[in-house]
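Working notes for the structure below.
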Amino acid sequence: MRGGLWFGLAFALLSVASAHAEETIRIGTEASDAPFEYKDSDGTLKGIEVEIADTLCQRMKVKCEWVNEDFDSLIPALQAHQIDTAIAQMSVTKDRRTAVDFTDIVTIGPARWVAKVGSGITEDPMSLKGKTVGVQSGTTHERYVNERLKGIADIRIYQTQQEVYLDLEAGRIDATLGDQTLSYDWLEKEGKPRFDYAGKAVDDPDIFGEGTAMPVRKGDDALRLRLNNALAEIIADGTYDKITKAYFPFSLRTLDSDVASGSAASVAVVDLLPWGWQLAAGALVTLELAFASLAVGLVLGIAAATAKLSPVGWIREPVALLTNLIRGVPEFLILLICFYSLSDAVRRMTGAAFEVNPFVAGVFALSIVFGAYASEVFRGALLGVPKGQMEAARAFGMRPSQIFFRIRLPQAWRFALPSLGNQWQGLVKDTSLVSVIGLEELMRKAEIGAGHLPKRQFDFYMVAALLFLVLWAVSTPIFGALEKRANRGVRRQS
Amino acid sequence: MTGIGALDSFLDGTLISVEILVISTLAGLILAVPIALARVSDWTALRIIALIWSGFFRGTPLLVQLFLFYYGLAQFDIVKDSPFWPVLREALPCALLTFTLNMSAYVAEVVRGGILAVPRGEREAAASLGLGTVKTYRLIILPRALRLMLPALSNEVVLQLKATALASTVTVLDLTGVARRFESKDYSTEPLFIAGAIYIVLTFLIARLFRVLETRLSIPA
Numbered sequence: 032m033r034g035g036l037w038f039g040l041a042f043a044l045l046s047v048a049s050a051h052a053e054e055t056i057r058i059g060t061e062a063s064d065a066p067f068e069y070k071d072s073d074g075t076l077k078g079i080e081v082e083i084a085d086t087l088c089q090r091m092k093v094k095c096e097w098v099n100e101d102f103d104s105l106i107p108a109l110q111a112h113q114i115d116t117a118i119a120q121m122s123v124t125k126d127r128r129t130a131v132d133f134t135d136i137v138t139i140g141p142a143r144w145v146a147k148v149g150s151g152i153t154e155d156p157m158s159l160k161g162k163t164v165g166v167q168s169g170t171t172h173e174r175y176v177n178e179r180l181k182g183i184a185d186i187r188i189y190q191t192q193q194e195v196y197l198d199l200e201a202g203r204i205d206a207t208l209g210d211q212t213l214s215y216d217w218l219e220k221e222g223k224p225r226f227d228y229a230g231k232a233v234d235d236p237d238i239f240g241e242g243t244a245m246p247v248r249k250g251d252d253a254l255r256l257r258l259n260n261a262l263a264e265i266i267a268d269g270t271y272d273k274i275t276k277a278y279f280p281f282s283l284r285t286l287d288s289d290v291a292s293g294s295a296a297s298v299a300v301v302d303l304l305p306w307g308w309q310l311a312a313g314a315l316v317t318l319e320l321a322f323a324s325l326a327v328g329l330v331l332g333i334a335a336a337t338a339k340l341s342p343v344g345w346i347r348e349p350v351a352l353l354t355n356l357i358r359g360v361p362e363f364l365i366l367l368i369c370f371y372s373l374s375d376a377v378r379r380m381t382g383a384a385f386e387v388n389p390f391v392a393g394v395f396a397l398s399i400v401f402g403a404y405a406s407e408v409f410r411g412a413l414l415g416v417p418k419g420q421m422e423a424a425r426a427f428g429m430r431p432s433q434i435f436f437r438i439r440l441p442q443a444w445r446f447a448l449p450s451l452g453n454q455w456q457g458l459v460k461d462t463s464l465v466s467v468i469g470l471e472e473l474m475r476k477a478e479i480g481a482g483h484l485p486k487r488q489f490d491f492y493m494v495a496a497l498l499f500l501v502l503w504a505v506s507t508p509i510f511g512a513l514e515k516r517a518n519r520g521v522r523r524q525s
Numbered sequence: 083m084t085g086i087g088a089l090d091s092f093l094d095g096t097l098i099s100v101e102i103l104v105i106s107t108l109a110g111l112i113l114a115v116p117i118a119l120a121r122v123s124d125w126t127a128l129r130i131i132a133l134i135w136s137g138f139f140r141g142t143p144l145l146v147q148l149f150l151f152y153y154g155l156a157q158f159d160i161v162k163d164s165p166f167w168p169v170l171r172e173a174l175p176c177a178l179l180t181f182t183l184n185m186s187a188y189v190a191e192v193v194r195g196g197i198l199a200v201p202r203g204e205r206e207a208a209a210s211l212g213l214g215t216v217k218t219y220r221l222i223i224l225p226r227a228l229r230l231m232l233p234a235l236s237n238e239v240v241l242q243l244k245a246t247a248l249a250s251t252v253t254v255l256d257l258t259g260v261a262r263r264f265e266s267k268d269y270s271t272e273p274l275f276i277a278g279a280i281y282i283v284l285t286f287l288i289a290r291l292f293r294v295l296e297t298r299l300s301i302p303a
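Quick note, the sequences are listed as chains F and R, same order.
Those letters in the first sequence? Residues 32 to 525, by this note's numbering.
Those letters in the second sequence? Residues 83 to 303, by this note's numbering.
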């Protein structure tokens, strides 16, 4: 579907109403937790839990669709019907049980500190006095440090566990609390021999719960029971162990806290070419997002400008107020609000199932921001068209709509173009914000790459920056040509 | 999200946002003057350096710049061993640095516009009084440019306020950061709307502040 998105509006709307013909289960995950769920250099989703969930789907004879987003938006996405379940090492806790229902336990992975070798940090909270610790947002580890280490350690909250590891390596934090299993993979690949587990597994069932499971919407017993049956089946016939043993030397079904990590893995030669293609693919998504938002934003901007010029007060005033309010709120915040509350609001209004993916939420947010600014540009431009021309058109017997589309708008377009060029440059840059809600555009691709190859972080972000500069540099002559074309036939006033 | 605790958190977040805004704006403004002077300089090399500076910071997304400075710089041991590292490794100073550099590029364009808008006659009058280049800039052109650029500067400050929301992506608990923490804890979008309302109030206050400044600094006719 993505390939056709070039034409913006129409396709953006189409993807909202994605087909529900065959039974599809949408599974949310956050693909930054190798080896449970991650993307490799050609962009395919891999990992233990990905294999487990795919096997569950086979047994249930349904089609599964993966949705990749930030961990702390999984439960909101579930409640907003954007996904049906999730698998992302989510611990079953009392807090979460108030919001969702859980399947049976999928894995047991105790929490364990990771720190520099010889740091003296153990599972005892007092060993962390005065230290700086990092955890991932929305996890049980965040809850643990907030409740047990408040006033003892300095706490940093991160969007992804990869960012926590990056800062551990950079020396910004002294330790991170994470799943023993997840840390195992990082220690093997990156952390050894400078970093290792610090102390034993942290034993705190009140916070960490019994293990990890898949959440479903409250009351969705049909799906929950089917998942449970399939899970019991693959555990009984040995499929489950076969999948996990390929990754870990220890069982994921027992609480085995004395796992010491094995020897450091050999360093593989890194092939950067696939990452280059990944970034290029990301740049393409960035362009699709920008063009779709431009198309919708222009329509919104022209409509709002016409409304603001309306002689009718109750049309003019609310639109003016709304565009002013939008311009006073950070674009980033607008995006977050759109993503989290859009589907919820529409569903409440229409009662129909409605799902918003990050691309659509991105187009929505970016186009209303673009529209709000463009409405001012168009308002000025529409006012700039001499009154005499409209009177002349009326004298020719043109209808109001004809006057607007044939006389007024084409000329206003000419006045608006230079400002719209600036708006477009801002729009292209703002697309990077959508990376935060999980759309794999240029910025997100750079983040994924930087997470895989922490020694080349700067290079990934620099390449992303340069690609944005290219888009910026290419846009300028295009707008120059557009202005020239719009001004054809206009005599220079001397 | 209930009670005094939440109110306190939002207040703290707002203060951090305002702190980032004020420091990065003032530091950006100071940095912008030499960049603007370089942009209008007669010396080609200086003009090109200023052009690259302004092109990079204005042509790439702030989010990319922030990650480049916060996560990217740690790639280099030379940075990690430098005396600046204790400052750079903290999230808030690192964000402040990025916002300042970014702001300096945008404000430099505004300052340049202001300098070019100073009427030619005043420059000539200064020359005929026998003022040198430095004195002309310090006494005549820059003060005049500052007044001329106030409206444009007010726009930049509002845009900068909105840009500070990105600090939350590198663990800074600014207004947006606080709202996101509550959002992910309570699975409710209400905190995001509250933050939005606070930003609108701040925007309004900035606009008012600049209107007062403009009246104060207006040149009597």
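Ideal Cβ positions, reconstructed from N, Cα and C, are used throughout, including at glycine.
Whose CA, out of the options, lies closest to the CA of residue i?
| i | options | result |
| --- | --- | --- |
| F:Gln110 | F:Lys94, F:Ile152, F:Ala130, F:Thr275 | F:Ala130 |
| F:Asp461 | F:Thr75, F:Leu325, F:Glu154, F:Gln190 | F:Leu325 |
| F:Gly222 | F:Pro361, F:Asp490, F:Pro485 | F:Pro485 |
| R:Pro168 | F:Ile204, F:Val137, F:Pro107 | F:Ile204 |
| F:Met421 | F:Ala443, F:Gly202, F:Val408, F:Phe409 | F:Ala443 |
| F:Thr55 | F:Ala62, F:Asp85, F:Gly78 | F:Asp85 |
| F:Thr191 | F:His112, F:Ala495, F:Ile468 | F:Ile468 |
| F:Gln113 | F:Leu320, F:Arg57, F:Val247 | F:Arg57 |
Closest Cβ-Cβ distance between residue i and chain F: below 8 Å?
| i | result |
| --- | --- |
| R:Gly195 | no |
| R:Gly95 | no |
| R:Gly141 | yes |
| R:Arg121 | no |
| R:Phe158 | yes |
| R:Glu238 | no |
| R:Ile130 | no |
| R:Ala277 | yes |
| R:Val192 | no |
| R:Leu178 | no |
| R:Leu145 | yes |
| R:Ile105 | no |
| R:Glu101 | no |
Our contact map puts residue i next to residue j with C-beta atoms below 8 Å; I'd like the distance itself, whole angstroms only.
| i | j | result |
| --- | --- | --- |
| F:Gly393 | F:Leu366 | 7 Å |
| F:Phe83 | F:Tyr271 | The sequence shown places Ile at residue 83 of chain F, not Phe. About 7 Å; that satisfies the 8 Å criterion. |
| R:Leu113 | R:Ser186 | 4 Å |
| R:Asp268 | R:Ser99 | Not really, about 21 Å apart at Cβ, beyond 8 Å. |
| R:Arg171 | R:Arg121 | Going by Cβ atoms, the distance from R:Arg171 to R:Arg121 rounds to 33 Å, so no, they are not a contact pair. |
| F:Thr60 | F:Ile139 | Wrong, their Cβ atoms sit about 19 Å apart, outside the cutoff. |
Checking contacts by CB at 8 Å: is residue i closer than that to chain R?
| i | result |
| --- | --- |
| F:Gly359 | yes |
| F:Glu362 | yes |
| F:Trp455 | no |
| F:Ala253 | no |
| F:Phe499 | yes |
| F:Arg410 | no |
| F:Arg379 | no |
Expressed to the nearest angstrom, what Euclidean distance is found between the alpha-carbon atoms of residue i and residue j?
| i | j | result |
| --- | --- | --- |
| R:Leu241 | F:Met91 | 51 Å |
| F:Gly520 | F:Leu513 | 14 Å |
| F:Ala323 | F:Leu397 | 9 Å |
| F:Ala48 | F:Phe395 | Note on F:Ala48: pLDDT 42, under 50, position unreliable in the model; the coordinate value appears next. For F:Ala48 and F:Phe395, the distance between alpha carbons rounds to 15 Å. |
| F:Trp97 | F:Thr116 | 10 Å |
| R:Asp90 | R:Val260 | 10 Å |
| F:Asp289 | F:Asp73 | Note that F:Asp289 has pLDDT 45, beneath the 50 cutoff, so the model's placement of it is unreliable and the number below is only indicative. Roughly 35 Å between the two C-alpha positions. |
| F:Asn518 | F:Pro449 | 12 Å |
| R:Glu265 | R:Pro273 | 6 Å |
| R:Arg262 | R:Tyr219 | 46 Å |
| F:Met493 | F:Leu256 | 48 Å |
| F:Asp287 | F:Gly307 | Caution is warranted here: a pLDDT of 48 is assigned to F:Asp287, below 50, making its placement in the model unreliable, and no coordinate value can be reported. |
| F:Phe67 | F:Leu213 | 7 Å |
| R:Ser136 | R:Pro116 | 12 Å |
| F:Asn260 | F:Asp251 | 15 Å |
Any heavy atom of the ligand NAP closer than 7 Å to the CB of residue i?
| i | result |
| --- | --- |
| F:Asp227 | Within the structure as shown, the ligand NAP is missing, as the structure has no ligands at all. |
#### Entry: Three-pair Cβ contact test at 8 Å for the region 418 to 438 of chain F versus the region 349 to 362 of chain F
Between the region 418 to 438 of chain F and the region 349 to 362 of chain F, the count of C-beta pairs closer than 8 Å stays below three; the two stretches do not touch.
### Task
Flag this pair as touching only if the region 165 to 176 of chain F and the region 201 to 218 of chain F have three or more C-beta atom pairs under 8 Å; answer yes or no.
Contact between the region 165 to 176 of chain F and the region 201 to 218 of chain F is established, with three or more Cβ pairs separated by less than 8 Å.
### Touch test, the region 461 to 480 of chain F against the region 140 to 153 of chain R, Cβ-Cβ under 8 Å, three pairs minimum
The region 461 to 480 of chain F vs the region 140 to 153 of chain R: in contact.
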